[in-house]
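Protein sequences appear in the order of chains Y and H.
Take this note's numbering: the final residue in the first sequence is number 312, and no numbers are missing along the way.
Take this note's numbering: the final residue in the second sequence is number 312, and no numbers are missing along the way.
Positions of the beta carbon are idealized from the N, C-alpha and C atoms, including for glycine.
Protein chains: 2
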Amino acid sequence: MDKLIEKIELMQNPTVVGLDPTLELIPTFLKDQYLNEDLIETDYEYSSAVARMFFDFNAQIIDSIHDIVPAVKPQIAMYEQFGFNGIAAYINTCHYAQLKGMIVIGDIKRGDIASTATAYASHIKGTMINKKEFDFWKEDFVTVNPYLGIDGVQPFIDACEKKDKGIFILTKTSNPSSADLQDLLVDGEPLYYKTAYLVSKWGERAMGQRGYSKVGAVVGATYPEQGIELRKRMPHTFFLVPGYGAQGATGKDLKGFFGQDGGGCIVNSSRGIIGAYKNDKECTEKDFAVAARKAALNMKKDLAESF
Amino acid sequence: MDKLIEKIELMQNPTVVGLDPTLELIPTFLKDQYLNEDLIETDYEYSSAVARMFFDFNAQIIDSIHDIVPAVKPQIAMYEQFGFNGIAAYINTCHYAQLKGMIVIGDIKRGDIASTATAYASHIKGTMINKKEFDFWKEDFVTVNPYLGIDGVQPFIDACEKKDKGIFILTKTSNPSSADLQDLLVDGEPLYYKTAYLVSKWGERAMGQRGYSKVGAVVGATYPEQGIELRKRMPHTFFLVPGYGAQGATGKDLKGFFGQDGGGCIVNSSRGIIGAYKNDKECTEKDFAVAARKAALNMKKDLAESF
Chain Y
6 MDKLIEKIEL MQNPTVVGLD PTLELIPTFL KDQYLNEDLI ETDYEYSSAV
56 ARMFFDFNAQ IIDSIHDIVP AVKPQIAMYE QFGFNGIAAY INTCHYAQLK
106 GMIVIGDIKR GDIASTATAY ASHIKGTMIN KKEFDFWKED FVTVNPYLGI
156 DGVQPFIDAC EKKDKGIFIL TKTSNPSSAD LQDLLVDGEP LYYKTAYLVS
206 KWGERAMGQR GYSKVGAVVG ATYPEQGIEL RKRMPHTFFL VPGYGAQGAT
256 GKDLKGFFGQ DGGGCIVNSS RGIIGAYKND KECTEKDFAV AARKAALNMK
306 KDLAESF
Chain H
6 MDKLIEKIEL MQNPTVVGLD PTLELIPTFL KDQYLNEDLI ETDYEYSSAV
56 ARMFFDFNAQ IIDSIHDIVP AVKPQIAMYE QFGFNGIAAY INTCHYAQLK
106 GMIVIGDIKR GDIASTATAY ASHIKGTMIN KKEFDFWKED FVTVNPYLGI
156 DGVQPFIDAC EKKDKGIFIL TKTSNPSSAD LQDLLVDGEP LYYKTAYLVS
206 KWGERAMGQR GYSKVGAVVG ATYPEQGIEL RKRMPHTFFL VPGYGAQGAT
256 GKDLKGFFGQ DGGGCIVNSS RGIIGAYKND KECTEKDFAV AARKAALNMK
306 KDLAESF
């Protein structure tokens, strides 16, 4: 978490770009190049073509923004839907972003019982084979689901400590129906306050040097009042904030998510950056990476007014 | 769900075998065969060797049990820790089990906001590329995490309807700390009752012909009293019950999980079956698949006394 904070300060930009490609978001010229049906036929060839196309798209975005944006957050579902070739594109994307100096937040939202959570924790902890350690995933942070309680989370916290990496635990998510469970009243307070309490408590075991724990929280930008309340309740918890841009939130909504030090928060935008070329009249689709950089700079400016 | 019920009735066996290989569980002779360090060197070769070894192990288990056990439940975390090669072994395992006539429950515990949940739902719905549909995952059911509410679940329910497949939503999990969130009191009742209510309600939209919805629930065998209570509250919800065997529950603990029709429930055992050779004095490790069949027959007998 300290490294993330330093990178944000260096770039004066608390932004993470969500690398969530879809076939709809990919420019036509790339689809023509990779998904030429004269050249592909089998299931394997189709998923391999999509995987290579997604990586090409992501790499161009990363090349265009790596000097102004501290982190990327690939959402693994977007890759997973194309099977193991899709997963390969996810891992290659993570690796490429790391090589370009960016911090990688793997949005995997895993959560399971103890022995299985230990296997998932290999995303940041690495995997042992014949007493050799391998890093098959190339992520610096991952997101974690808290529904199974501490023994589903502890293996990730252990991995954070061992590898100086971090996690973000779902606390109040940005989607409309997050209320179904998260807002149920427990002792007169919404459930996500309990989650917030647990996340803070679990995080005490893994404090960094800069006042924030390696155990962060996911708090949706679409709920600004809840964000203010959670910031008060979780002064040492770093927030990963999705929901900016395409999901509706703006910089003004986010003031309360930042701590008194003006930090403690990184804001994600996905479609608003990587699909910016669709709404940028000055750019053709071939300039999709240029449009992404412009959109990232606009977001930086918008956020600067909020913290 | 109807197909699962018919298969259980045909085999008179409400058992699912968890295909959760680990390096510790794999017999030494297989490790010597695949992980020969004279032949493997790169990260790719190591993960590929593990992937092929896991598939070989699983395929022998499947060959040995497919005529007496209706379903398998591979836990994706065990494969995911070996990167995309591991994922390939997971998919190959699912596919092989389907080819052998078994029903495949992918234990993936995914859950995310709407657009992302739609991507995850491709596990059972398939994926469209250039107006062609592909099934990259080969699963009949998947497990789903409810923390994000209905818009994280709806895409899976839609997929169930479209493809005549099913899901199991985490309700009361088998691990010790499931109480951290699931047992918090909401209106004087534990949270998992609310989850149970939501799962039942969501499931009404996807009823099968045999009295049970395509939307099932995960209810841990390690909490027998809670199982009885949930069975009363969810008469039309099929239960996937982990926690038998290695996690401590026995057939006697499970009576209350079954419905009045003696059905409505499938019980998982993983290590107790696939690692049975380690405790079977009549079998050498080369007979691991024979030991698995014996253990599966013993489990069938134990369960027969409970329903």
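Proximal residues of chain Y, C-beta to C-beta of residue i below 7 Å
| i | result |
| --- | --- |
| Asn135/H | Leu40 and Glu42 |
| Val191/H | Leu189, Leu190 and Val191 |
| Ser183/H | Leu153 and Gly154 |
| Tyr51/H | Ile134 and Phe139 |
| Ala93/H | Phe89 |
| Gln80/H | Thr121 |
| Asn303/H | Per Cβ cutoff of 7 Å: no residues; Asn303/H is ~23 Å from chain Y at best. |
Residue i to residue j span [Cα, whole Å]
| i | j | result |
| --- | --- | --- |
| Ile92/H | Arg238/Y | 39 Å |
| Asn90/Y | Gly221/H | 30 Å |
| Ala226/H | Pro247/H | 6 Å |
| Lys306/H | Asp258/H | 14 Å |
| Lys219/Y | Gly208/Y | 7 Å |
| Ala301/H | Ser274/H | 9 Å |
| Leu104/H | Glu46/Y | 22 Å |
| Thr255/H | Gly277/H | 11 Å |
| Pro160/H | Lys130/H | 9 Å |
| Ile162/H | Ala211/H | 7 Å |
| Asp48/H | Ala82/H | 19 Å |
| Glu42/H | Tyr152/H | 43 Å |
| Ala94/Y | Gln65/Y | 14 Å |
| Leu189/Y | Leu308/H | 37 Å |
| Phe62/H | Arg236/H | 36 Å |
| Val149/Y | Lys291/H | 38 Å |
| Gln252/H | Lys78/H | 16 Å |
| Val22/H | Tyr84/H | 16 Å |
Per-residue burial, residue i [other beta carbons within 10 Å of its own, 16 or more giving buried]
| i | result |
| --- | --- |
| Glu320/H | A question about residue 320/H goes unanswered here, because the residues of chain H that appear run from 6 up to 312. |
| Asp266/Y | exposed |
| Ile118/Y | buried |
| Asp185/H | buried |
| Pro26/H | buried |
| Ile233/H | exposed |
| Gln231/H | buried |
| Asn180/H | buried |
| Lys170/Y | buried |
Start-to-end residues for the beta strand (DSSP E) that takes in residue i
| i | result |
| --- | --- |
| Val272/Y | Cys270 to Ser274 |
| Thr176/Y | Gly171 to Lys177 |
| Phe146/H | Phe146 to Val149 |
| Thr20/Y | Thr20 to Val22 |
| Leu245/Y | Phe244 to Val246 |
| Met239/Y | Element bounds for Met239/Y: n/a, residue is neither H nor E. |
Cβ distance (whole Å) where residue i is taken to contact residue j below 8 Å
| i | j | result |
| --- | --- | --- |
| Asp37/Y | Gln80/Y | At roughly 25 Å, the Cβ-Cβ gap does not stay under 8 Å, so Asp37/Y and Gln80/Y are not in contact. |
| Val147/Y | Ile174/Y | No, Val147/Y and Ile174/Y are not in contact; Cβ-Cβ is about 10 Å, not under 8 Å. |
| Thr20/Y | Ile271/Y | 7 Å |
| Ser127/Y | Gln86/H | 4 Å |
| Thr178/Y | Val204/Y | With 8 Å as the limit, Thr178/Y and Val204/Y do not qualify as a contact, their Cβ atoms being about 13 Å apart. |
| Gly269/Y | Phe244/Y | 6 Å |
| Gly88/Y | Ile31/H | The Cβ separation is near 24 Å, so there is no contact. |
| Ala294/H | Asp68/H | 7 Å |
| Tyr217/H | Ile10/H | 7 Å |
Closer than 8 Å at the beta carbon, the chain Y residues around residue i
| i | result |
| --- | --- |
| Met83/H | Thr121 and Ala124 |
| Val55/H | Ile134 |
| Asn180/H | Ile118, Ala119, Leu153, Gly154, Asp156 and Gly157 |
| Leu245/H | Ordered by position in chain Y, no residue passes the 8 Å Cβ test against Leu245/H, which lies about 13 Å from the chain. |
For residue i, the first and last residue of its enclosing alpha helix (DSSP H)
| i | result |
| --- | --- |
| Gly111/Y | First-last for Gly111/Y: Ile108 to Arg115, but that is the beta strand (DSSP E), not the alpha helix (DSSP H). |
| Thr121/H | Ala119 to Tyr125 |
| Ala14/H | The sequence given here places Glu at residue 14/H; Ala does not occur at that position. Segment Asp7 to Met16, the alpha helix (DSSP H) holding Glu14/H. |
| Glu166/H | Ile155 to Lys168 |
| Thr227/H | Run containing Thr227/H: none; DSSP gives neither H nor E here. |
| Leu302/Y | Phe293 to Ala309 |
| Glu209/Y | That residue, Glu209/Y, is in no alpha helix (DSSP H); it is neither H nor E in DSSP. |
| Lys283/H | Here Lys283/H belongs to no alpha helix (DSSP H), and DSSP marks it neither H nor E. |
| Thr33/H | Thr33 to Tyr39 |
| Met58/Y | Asp48 to Ile70 |
Chain H residues whose Cβ lies nearer than 8 Å to that of residue i
| i | result |
| --- | --- |
| Thr33/Y | Result: empty, since nearest Cβ-Cβ is about 13 Å, beyond 8 Å. |
| Ser311/Y | Under the 8 Å cutoff, chain H gives no residues; its nearest Cβ is about 23 Å from Ser311/Y. |
| Leu196/Y | Leu186, Leu189, Val191 and Leu196 |
| Thr200/Y | Leu186 |
Contact list for residue i against chain H, beta-carbon separation under 9 Å
| i | result |
| --- | --- |
| Ile96/Y | Gly88 and Phe89 |
Cutoff 8 Å: residue i Cβ touching any chain A Cβ
| i | result |
| --- | --- |
| Tyr101/Y | The chain inventory of the structure shown lacks chain A, comprising the protein chains Y and H. |
Contact list for residue i against chain Y, beta-carbon separation under 9 Å
| i | result |
| --- | --- |
| Leu235/H | In chain order: nothing, as chain Y lies at least about 16 Å away. |
Within chain H, partners of residue i - CB distance below 7 Å
| i | result |
| --- | --- |
| Asp37/Y | Neighbours of Asp37/Y on chain H: none; closest Cβ ~11 Å, over 7 Å. |
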